[in-house]
Each structure stands twice: as C-alpha cells, then as structure tokens.
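Positions in the sequence shown are counted from 1; adding 51 to them yields my numbering. Following: one structure in structure tokens, then a few remarks.
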Amino acid sequence: MEKERFEQLEERVRQLEREVELLKQQQGMKYRFSMSSKSVSDPKIPKENRQIETNEKPVPVKESDPVDWEHLIGRVWLPRIFIFVLLMGLVWGFKVAVDYGILTEPIRVVLGFSVAVGLYFLGEGQLKNGRLSLGKSLLVGTIGMLILTTFAMNVLYGMVPTIVAFSLNIIWVAFGLFLAYRHQSQVIAILMAFVGYLIPFLVAGSGNILGAVIYEMVFYAVLVYYSIHRGFKELFYVAAVLLHVVYVVFMIGNLLNDQHVMKVMALGAIVQHAIIFYAVYRVKFNKMFPIPLLFTSFIATTIWVKLCTLQDDYLYVSYLIVVFLGYALVVYLKKKMDRTDFISVALSISTFAVFLLLFQTFRNDGNVLTASFLLEGILALYLGFRFKAAFQKVTGAFVYFAGMIKVQTTNIFEIMSLETFVWIFFILTLYGLIYYFFHKRFS
52 MEKERFEQLE
62 ERVRQLEREV
72 ELLKQQQGMK
82 YRFSMSSKSV
92 SDPKIPKENR
102 QIETNEKPVP
112 VKESDPVDWE
122 HLIGRVWLPR
132 IFIFVLLMGL
142 VWGFKVAVDY
152 GILTEPIRVV
162 LGFSVAVGLY
172 FLGEGQLKNG
182 RLSLGKSLLV
192 GTIGMLILTT
202 FAMNVLYGMV
212 PTIVAFSLNI
222 IWVAFGLFLA
232 YRHQSQVIAI
242 LMAFVGYLIP
252 FLVAGSGNIL
262 GAVIYEMVFY
272 AVLVYYSIHR
282 GFKELFYVAA
292 VLLHVVYVVF
302 MIGNLLNDQH
312 VMKVMALGAI
322 VQHAIIFYAV
332 YRVKFNKMFP
342 IPLLFTSFIA
352 TTIWVKLCTL
362 QDDYLYVSYL
372 IVVFLGYALV
382 VYLKKKMDRT
392 DFISVALSIS
402 TFAVFLLLFQ
412 TFRNDGNVLT
422 ASFLLEGILA
432 LYLGFRFKAA
442 FQKVTGAFVY
452 FAGMIKVQTT
462 NIFEIMSLET
472 FVWIFFILTL
482 YGLIYYFFHK
492 RFS
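What follows is the structure in structure tokens.
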C-alpha cells in the first residue's frame, strides 16, 4: 500500500517537473519576442550620434524687437521739445519783464548771455551723464541764445555797430562747429550751417550785398573743408543746397541790377562746382554717386552763369569752352581708370557743354545749328559705345533727338540749298545709326 502511494508521489513530482519545464519554455519565448520587438521599434543609436543629437539645440526664432516707446519719447523727442519750449518760455519771460519795465536794455543783453552760458554748462553736464540727446539739444540752445542776444543787441537796441555784431555771430558759429567737432555731432554742424548762412540777414544795415555774397562763398568753402575733414557727408550736401537757396534770395533782393554782384555770384557757383568735382574725383566720401551729383551741380552752375552774365555773353561762352576743355582733358588723361561712372559723367558734361555752346553761337542760323546737333549727337553716341558709358549714350541720344526735331521744322525751297544738305545729312546719319544697331550690335 505504501509502495503504491510512493510511486504515485514520484509520478506526481515528475509531472510537476514537466509542467515547470513547459512553463519555463513558454516564458523564454515571450521574453525573446519582446526583446526582438524592442530592437525593431527602437533601434540602438551609437553613442556618438546620441551625443550629437543631445548637444544640438533648436535655434530660437528671432523676433523683431518691440519699439521702446519710453526711450523714443523720453530720450529722443522730449529733449527736442524741451529746448523749444524753454526758448519760447524765455522769450515770453523777457516780454513780460520788459512790459513791466523790470529789464532795461543792457540788463536784457547781460541776461541773454548769462542764460547762454548756463545752457552750455547744463548741456555739458547732461552729456557727461550719458543723456546725449538732451545735452546736444542744450548746446544747440546755447548757440541759438547767443545769436538771438546778438541780434537784439544790434538790430533792436543799436548797442553795437554792424561789424561787431557780424564778427560776434561768426564767433558763435565757429564755437558751434567746435562743439560739433568735440562731440562728433553732425546734427549740431548742420544747424550751424543754417545759422551761418543766415548771418548776413541777422545784422542791421546789411546793404552791402557784394560783401555778403563773398562771405557766403567763403563760408561754403569752410563748411566743405570741415565736412570732408570730419567725414560729415550730410553736411556736405546741405551746405551745397543752402548756398543756392541764399543766392536765390540775393538775386531776388538785387533784382539783377548790380552786375558786379551777379558776376561774383556766378564765380561762387563755379567755385562750388570745382569743389564738388574735387570731392567726387578724390572720393572723399563713401557711396558718392558722380552722375547725379556732378551733373546736377554742372546744370545749376550753368544756370547761374547764364543768369548772371546776361549782358556779357562772352563770359558765358568762355565758361562753356573751359568746361568742355577741362572735362575732355579729364577723360583723356583718366580714360583707363576703373571708374566708368566718373568717365561717363565727364563725357556727358563735355557733350552738354558743346551742345549749349553750339546753341549760343548758332542760335540765329537754324540750318547750321541743326547740322551741328546731328553731327555732335553721332559723335556723342560713338563715344558712349566706345567707353561703354550708359549716361553718355543718353546724352548723345538727347543731342541727336534735338537735331532731329530741328530737321522736321526745316523746309526745302530749292534743290541746291543748305536745307537740302541738312536733310541729306540727317538721312545718312539716321541710316548709319540703324545699320550700326541692327548689323553690328545684334548680329
């Protein structure tokens, strides 16, 4: 009995062992399957690649900085408004004090200079504290107060003669340019240019227009030297434009009566053009565009010379000859230089000078003038293609077009006449142009 029970127990143990072994096999298969699934879905990344991916950070999208209205209003515009309101308040305070008889004329002058000194030290203090806009505005207010006080002392109160007031104003402008130099402020320099050009109008008894014209010419030369020396490009342009504005005022006031004044104005315009030519030729500023700058200056100078020499045509003709020869010499000497724009504008100015010279010389002889325009237009176009100067091509086309317009108004009354020759010459030149364009340029 016990033996049977023992055998059953052994059989039971063997059965349990088989079941345990079967369970182990089933568990092993599931483990291998799960590991294989992980290897497919999540491949192993080499250590180096993982390190690279970990170190790479997404580049943040750079957003535009918001406008700092507090800085723009508080540190840029408020100082400018402040100096304007301050000056207006000072003027109003002066008026009230004068109306009540508190301030006599000498006290007003002393007080004006004292306020200017106070503004100067206050402006320097603001600049030292880093408030640049406010400090520069106060320094400009200093010069404005000095000019205003000198004007009152000379024109309103008659305390000093004109020559003293004129000299004082020059000193104030020179002091303003010194401040612009010291603080590297082109804005102060430009404001001093405005004030300097106005000096002849701010003194009493400024009837000496000739002296005023000479002063403006010298002052322009000083501004140009200053702008080139300090690298103030905007001041260079402002000074050039303001000189023409002042000359217009002088011309209106003079009414073309004093020929000596008009000739000095023409000389001033020529001097200005020579200075601009020098600045462009020597490339005194970056990104100076010779074509618009130099050609515009030539046109303005030519207008002034023509207006100021109406009674002396030989001066105008001499000016055109000198311009033509001068720019032609520049093209000949510098034709190999690597500045196509400069060569182009030099050629164009020479061409336009000859065009005006022909018109001035043959304006009463239509046939000769027409043939001259056609011939010059052909030669100008040839030079434009020869030097690959686009602006010269435009100038040559303009001159030839002017000749073509003149041809259309030329009537032929006889076969053997100058009019016939003009028409034949026009047809030949037109055929030559068409042949050149279609058989040379597009073949």
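For each residue, glycine too, the CB sits at the ideal point set by N, CA and C. Given the structure is predicted, the values throughout are model-derived calculations rather than measurements.
Beta-carbon to beta-carbon, S401 and Y378 are separated by about 4 Å, close enough to satisfy the 8 Å threshold. Q237 sits close to F283, with the two beta carbons spaced by under 8 Å. Looking at F424, I321, N337, the one whose alpha-carbon comes closest to that of T347 is I321. About 34 Å separates the Cβ atoms of G304 and I342, ruling out a contact at the 8 Å cut-off. Around the CB of G454, 16 or more other CB atoms lie within 10 Å, so the residue is classed as buried. Per DSSP, the unbroken alpha helix (DSSP H) holding R159 starts and ends at 156 to 179. Cα atoms of R437 and A431: separation of roughly 10 Å, rounded to the nearest angstrom. Taking a contact as a CB-CB distance under 8 Å, the pair L185 and A240 does not count as one, their CB atoms being some 18 Å apart. Judged by DSSP in its simplified three-state form, N220 adopts helix.
I158 counts as exposed, since fewer than 16 other C-beta atoms from the protein chains shown sit within 10 angstroms of its C-beta. DSSP, read as helix, strand or coil, puts I394 in helix. At least 8 Å separates the beta-carbon of L274 from that of A263. Taking the Cα positions, Y288 is about 11 Å away from F336. By the C-beta density criterion, F135 is exposed, having fewer than 16 other C-beta atoms within 10 angstroms. Looking at the backbone, the Cα of V296 and that of A351 are separated by about 11 Å. Contact check for W355 against A317 passes: the beta carbons are separated by less than 8 Å.
Looking only at I198, L173, S468, Y208, the smallest Cα-Cα distance to Y248 is reached by I198.
Just measuring C-alpha positions, the residue of K146, G192, L420 sitting nearest I132 is G192.
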